[in-house]
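Engineer:
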């Protein structure tokens, strides 16, 4: 079974621009979560989608948004980029959004650099 | 709120040494506990998990026991290898918050030959 894939793997953007990152979950998984990883803040939860509905949201400004499509693929969008948005963005998929014991499987991440 | 605290790194060991990485948690409910590992330039890989008190998770020679009385989930391995060099993250997931994972700050492990 193919793992979680994320595109693109690397991205360089300028302050003020917007960016869209894509995540394809493991086949059959309907839950997709997004995390931001930075050296200073560590791994922080952004949001979670299940069956095209946002089920949970972390403490990030409204510039960060996401969506999920009927095939469970997900995208996240960051508008009006700031230097502090430079990070590794990780996507994880799971077979359930409501069972805490279910494993989440992570993709390789998208490295976003904002200049 | 829920939180996870890990011992600070980096941790440097010689090959075949014993490894312990401490992890303690705070949770209002009955969390599931996980250890993830991140190799350079890669995403996170699930190493092991435990879903209830006294459960022991194990994988690839690593093990951790869910201790509710001490709110701990320490990672151990009897004999580390150079290939174990990576960053290790302790995490919890609480039913009340769906699948949201709360991570510790990570512990970098470096194993020297």
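Residue numbers (the working numbering), protein chains in the order written: chain F, 1 to 115; chain V, 116 to 228. Even glycine gets a Cβ: it sits at the ideal position worked out from N, Cα and C. All values derive from a computational prediction rather than experimental measurement.
Can you tell me which of the three DSSP states residue 83 (chain F) falls into?
Structural biologist: Numbered from its first residue, the first chain carries residue 83 (chain F) at position 83. Correct three-state label for residue 83 (chain F): helix.
Engineer: Let me confirm a value: residue 12 (chain F) is counted as buried when at least 16 other C-beta atoms fall within 10 Å, else exposed. Which label applies?
Structural biologist: Numbered from 1 along the first chain, position 12 holds the residue referred to as residue 12 (chain F). Classification of residue 12 (chain F): exposed, given that the 10 Å Cβ count is below 16.
Engineer: For residue 201 (chain V) versus residue 119 (chain V), is the C-beta distance shorter than 9 Å?
Structural biologist: Translated into positions along the second chain, residue 201 (chain V) becomes position 86. Translated into positions along the second chain, residue 119 (chain V) becomes position 4. Not in contact: residue 201 (chain V) and residue 119 (chain V) (Cβ atoms no closer than 9 Å).
Engineer: So, do the region 64-83 of chain F and the region 187-203 of chain V have three or more beta carbon pairs nearer to each other than 8 Å?
Structural biologist: At 8 Å Cβ cutoff, the stretches do not touch.
Engineer: Taking the continuous beta strand (DSSP E) assigned at residue 122 (chain V), which residues delimit it?
Structural biologist: For the purposes of this step, residue 122 (chain V) is taken as the residue at position 7 of the second chain. That residue, residue 122 (chain V), is in no beta strand (DSSP E); it is neither H nor E in DSSP.
Engineer: Do we get a CB-CB distance below 9 Å when we pair residue 45 (chain F) with the residues of chain V?
Structural biologist: The residue you call residue 45 (chain F) lines up with position 45 of the first chain. Taking Cβ atoms only, chain V reaches closer than 9 Å to residue 45 (chain F), which makes this a yes.
Engineer: State the DSSP-derived secondary structure class of residue 19 (chain F), mapped to helix, strand or coil.
Structural biologist: Here residue 19 (chain F) refers to the residue found at position 19 when the first chain is read from its first residue. Reduced to three states, the DSSP call for residue 19 (chain F) is strand.
Engineer: Can you check DSSP and say which residues form a bridge with residue 193 (chain V)?
Structural biologist: Here residue 193 (chain V) refers to the residue found at position 78 of the second chain. BP columns for residue 193 (chain V) are empty, so no partner.
Engineer: Less than 9 Å between CB atoms is the rule here; does residue 220 (chain V) satisfy it with respect to chain F?
Structural biologist: Here residue 220 (chain V) refers to the residue found at position 105 of the second chain. Taking Cβ atoms only, chain F reaches closer than 9 Å to residue 220 (chain V), which makes this a yes.
Engineer: Could you tell me whether the region 48-59 of chain F touches the region 76-91 of chain F, using the rule of 3 or more Cβ pairs below 8 Å?
Structural biologist: Taking 8 Å as the limit for Cβ pairs, the verdict is that the region 76-91 of chain F does not touch the region 48-59 of chain F.
Engineer: Taking the CB atoms as reference points, tell me whether residue 121 (chain V) and residue 196 (chain V) lie closer together than 9 Å.
Structural biologist: The sequence position of residue 121 (chain V) within the second chain is 6, counting from 1. The sequence position of residue 196 (chain V) within the second chain is 81, counting from 1. Not closer than 9 Å, so no.
Engineer: Taking the alpha carbon of residue 117 (chain F) as the reference point, which residue from V:210, V:215, V:128, V:155 has its own alpha carbon closest?
Structural biologist: Absent from the model: residue 117 (chain F). The displayed extent of chain F is 1 to 115, so no value can be given.
Engineer: Just the chain V side, please: which residues come within less than 9 Å of residue 90 (chain F) by C-beta, in chain order?
Structural biologist: Locating residue 90 (chain F) in the first chain gives position 90, where the first residue counts as 1. Neighbours of residue 90 (chain F) on chain V, chain order: 158, 159.
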